[in-house]
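Novice: Protein chains in written order, with this note's numbering: chain W, 801 to 979; chain B, 801 to 979.
Protein chains: 2
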Amino acid sequence: MKEEVGYPFDQLPTEMFWTARGGGAGWSSICGTLPPAMAAIGLVVDTDTAMQLVDELFAWFIAHPFPEYQPHGEDYAKVAGDSTLCHVQVTKWLAETGYRQDGPERSDRCGGASADVAKFTVEMLNAYADNAFEAAHSPAAVVGECMACHGGEGFADTRGKETCTECHGNLPDPHPDGY
Amino acid sequence: MKEEVGYPFDQLPTEMFWTARGGGAGWSSICGTLPPAMAAIGLVVDTDTAMQLVDELFAWFIAHPFPEYQPHGEDYAKVAGDSTLCHVQVTKWLAETGYRQDGPERSDRCGGASADVAKFTVEMLNAYADNAFEAAHSPAAVVGECMACHGGEGFADTRGKETCTECHGNLPDPHPDGY
Chain W
801 MKEEVGYPFD QLPTEMFWTA RGGGAGWSSI CGTLPPAMAA IGLVVDTDTA
851 MQLVDELFAW FIAHPFPEYQ PHGEDYAKVA GDSTLCHVQV TKWLAETGYR
901 QDGPERSDRC GGASADVAKF TVEMLNAYAD NAFEAAHSPA AVVGECMACH
951 GGEGFADTRG KETCTECHGN LPDPHPDGY
Chain B
801 MKEEVGYPFD QLPTEMFWTA RGGGAGWSSI CGTLPPAMAA IGLVVDTDTA
851 MQLVDELFAW FIAHPFPEYQ PHGEDYAKVA GDSTLCHVQV TKWLAETGYR
901 QDGPERSDRC GGASADVAKF TVEMLNAYAD NAFEAAHSPA AVVGECMACH
951 GGEGFADTRG KETCTECHGN LPDPHPDGY
């Protein structure tokens, strides 16, 4: 947009998103590909639509096997992380591939994931601009099961759409003490 | 800055950060106060400095009892979440206070936390502008212990600075199978 349209898109320094890298200055919180994509979406559509598109982005992201984009013929394994978190995504990919977190292969993987997220975001925005956007992804089914009590009805003691069992294990019914 | 300086700070629509709310369109991933603060920091300092300031912001954030800002005399309990994640922060606050995730008190809490993060970020940037910035917060000590093997040396099979034991429990030495 900066190159093809110019103003006002040439007023945004991309360096403002630099610290998203490493899941937020190396903390491995949310994957650093997502906050810039969220901001790009929020820049061009109204806030209600932006919430819908980011919901679709996250639901696609947790199920997508990264890295799809491998420009130099790397042939890396593609792993779905089932999480928006850098820590979970990278740990699973390293467990599958055997590479080190501080190696060049991990950097390649995250570079590829950045390209994948940018591509999906642009395609989604283009579809929306053509009145052709339809949400095609959803949170994991377990989220609805857990949130039936823990979300709106019942306890209402937590919130979120991440796949509950990724961190909480497979809980028996009724739940044991401590959960 | 938009009001006092004008251009170029009046070129950034704050709506671009709208979807940070609810930890990213309601997914309860990273706390929605943080991506806008990260972008604000990245807008005004060089990238290396931005990484240092965001590192300090995150280390302060996980230890800060939210909400400090309670403008209407609410007298809510202040709870440190030990995590950058919306899900963890909110769940702990609800467990402490007994409120519901969909209630007005939880909204008050997150509004107060937004103010707290904005204040800390501005004070940190002002200190930096006065050549008086000094990092005063650190990740939890356990991160160094775990990452001695799991980070740089040894396995190097994961990354991050979040408090490991918040999600992984207190692991015995040697670790059991499955960790």
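Glycine residues also receive a C-beta, built at the ideal position from the N, C-alpha and C atoms.
Indicate the three-state DSSP secondary structure (helix, strand or coil) for W:Val879 in the structure shown.
Specialist: In this structure, W:Val879 counts as strand in the three-state DSSP scheme.
Novice: Kindly list, in the order they appear in chain B, the residues whose Cβ is closer than 8 angstroms to that of W:His864.
Specialist: Simply none; closest approach about 15 angstroms.
Novice: According to DSSP, what are the bridge partners of W:Ile830?
Specialist: In the DSSP output, where bridge partners are listed per residue, W:Ile830 has W:Leu885.
Novice: Mind checking which residues open and close the alpha helix (DSSP H) that includes B:Gln811?
Specialist: From DSSP, B:Gln811 is part of no alpha helix (DSSP H); its letter is neither H nor E.
Novice: Classify W:His968 as buried or exposed, calling it buried when 16 or more other Cβ atoms lie within 10 Å of its own Cβ.
Specialist: Counting Cβ neighbours within 10 Å, W:His968 comes out exposed, since fewer than 16 surround it.
Novice: Can B:Leu901 and W:Ala948 be called in contact, C-beta distance under 7 angstroms?
Specialist: Per the sequence presented here, residue 901 of chain B reads as Gln, with Leu not at that position. No, they are not a contact pair.
Novice: Taking the straight line between their C-alpha atoms, what separation do you get for B:Gly912 and B:Arg906?
Specialist: Those two C-alpha atoms are separated by around 10 angstroms.
Novice: Check whether chain W comes within 7 angstroms of B:Ser938, counting only Cβ atoms and requiring the distance to be less than that.
Specialist: Chain W, which has no Cβ nearer than 7 angstroms to the Cβ of B:Ser938, makes this no.
Novice: Would the region 842-850 of chain W and the region 883-903 of chain W be scored as touching if the rule is three or more Cβ pairs under 8 angstroms?
Specialist: No, because fewer than three Cβ pairs between the region 842-850 of chain W and the region 883-903 of chain W fall closer than 8 angstroms, the two stretches do not touch.
Novice: What residues from the region 900-915 of chain W come within 8 angstroms of chain B, judged by C-beta to C-beta, listed N to C?
Specialist: Listed in sequence order: Arg900, Gln901, Asp902 and Gly903.
Novice: Could you say if the region 850-860 of chain B and the region 874-890 of chain W meet the contact criterion of at least three C-beta pairs nearer than 8 angstroms?
Specialist: Taking 8 angstroms as the limit for Cβ pairs, the verdict is that the region 874-890 of chain W does not touch the region 850-860 of chain B.
Novice: Can you check the region 910-958 of chain B for any alpha helix (DSSP H) of at least 4 residues that lies completely inside it and give the ranges in chain order?
Specialist: As far as the region 910-958 of chain B is concerned, its whole alpha helix (DSSP H) runs of at least 4 residues are 941-950.
Novice: For W:Pro867, does the three-state DSSP call read helix, strand or coil?
Specialist: Three-state result, W:Pro867: coil.
Novice: With a threshold of 7 angstroms between beta-carbons, can B:Gly842 be considered close to chain W, or not?
Specialist: It does: the Cβ of B:Gly842 has a partner Cβ on chain W nearer than 7 angstroms.
Novice: I need the DSSP call for B:Gln852, collapsed to helix, strand or coil.
Specialist: Note: B:Gln852 maps to helix in three-state DSSP.
Novice: Among the residues of its own chain, which have a CB less than 8 angstroms from the CB of W:Val942, if the five just before and after it don't count?
Specialist: Answer for W:Val942: Thr963, Cys964 and Thr965, listed in chain order.
Novice: For the alpha helix (DSSP H) containing W:Glu962, name the first residue and the last one.
Specialist: No alpha helix (DSSP H) contains W:Glu962, which DSSP labels as neither H nor E.
Novice: With a threshold of 8 angstroms, are at least 3 pairs of Cβ atoms found where one atom belongs to the region 822-839 of chain W and the other to the region 805-825 of chain B?
Specialist: Yes, they touch.
Novice: Check W:Ala825 in the structure and name its three-state DSSP category.
Specialist: W:Ala825: coil per DSSP, three-state reduction.
Novice: Taking only beta-carbon atoms, is W:Phe920 less than 7 angstroms away from chain B?
Specialist: Answer no: the Cβ-Cβ gap between W:Phe920 and chain B never drops below 7 angstroms.
Novice: Would you tell me roughly how many angstroms separate the C-alpha atoms of W:Thr958 and W:Glu803, rounded to the nearest one?
Specialist: Near 43 angstroms, if we compare the C-alpha coordinates of W:Glu803 and W:Thr958.
Novice: Are any of the Cβ atoms in chain B nearer than 7 angstroms to that of W:Thr963?
Specialist: With 7 angstroms as the cut-off, W:Thr963 does not count as an interface residue toward chain B.
Novice: Measure the Cβ-Cβ separation of W:His937 and W:Ala820 and say whether it is below 7 angstroms.
Specialist: Going by C-beta atoms, W:His937 is not nearer than 7 angstroms to W:Ala820.
Novice: Say whether chain B places a C-beta atom closer than 7 angstroms to the C-beta of W:Phe858.
Specialist: Taking Cβ atoms only, chain B reaches closer than 7 angstroms to W:Phe858, which makes this a yes.
Novice: According to DSSP, is B:Lys892 helix, strand or coil?
Specialist: Three-state DSSP puts B:Lys892 in a helix.
Novice: Taking Cβ positions, are B:Pro835 and W:Pro835 nearer each other than 7 angstroms?
Specialist: Yes; because the gap between Cβ atoms is below 7 angstroms, this pair is in contact.
Novice: Would you identify the three-state DSSP class for W:Gly777, choosing helix, strand or coil?
Specialist: Look at the range of chain W in this structure, 801 to 979, and you will see that residue 777 of chain W is not part of it.
Novice: With 16 as the cutoff for other CB atoms within 10 Å, does W:Pro871 come out buried or exposed?
Specialist: Exposed, by the Cβ-count rule.
Novice: Quick check on this structure: which residue in B:Ala895, B:Ala880 and B:Pro904 has the alpha carbon closest to the alpha carbon of B:Glu874?
Specialist: It is B:Pro904.
Novice: Considering only the beta carbon of each residue, do B:Ala880 and B:Pro867 sit closer than 7 angstroms?
Specialist: Cβ atoms of B:Ala880 and B:Pro867: not closer than 7 angstroms.
Novice: Give the residues from the region 808-819 of chain W that approach chain B closer than 8 angstroms (Cβ to any Cβ), ordered along the chain.
Specialist: Taking 8 angstroms as the Cβ-Cβ cut-off against chain B, the residues of the region 808-819 of chain W that qualify are Pro808, Gln811, Leu812, Pro813, Glu815, Met816, Phe817, Trp818 and Thr819.
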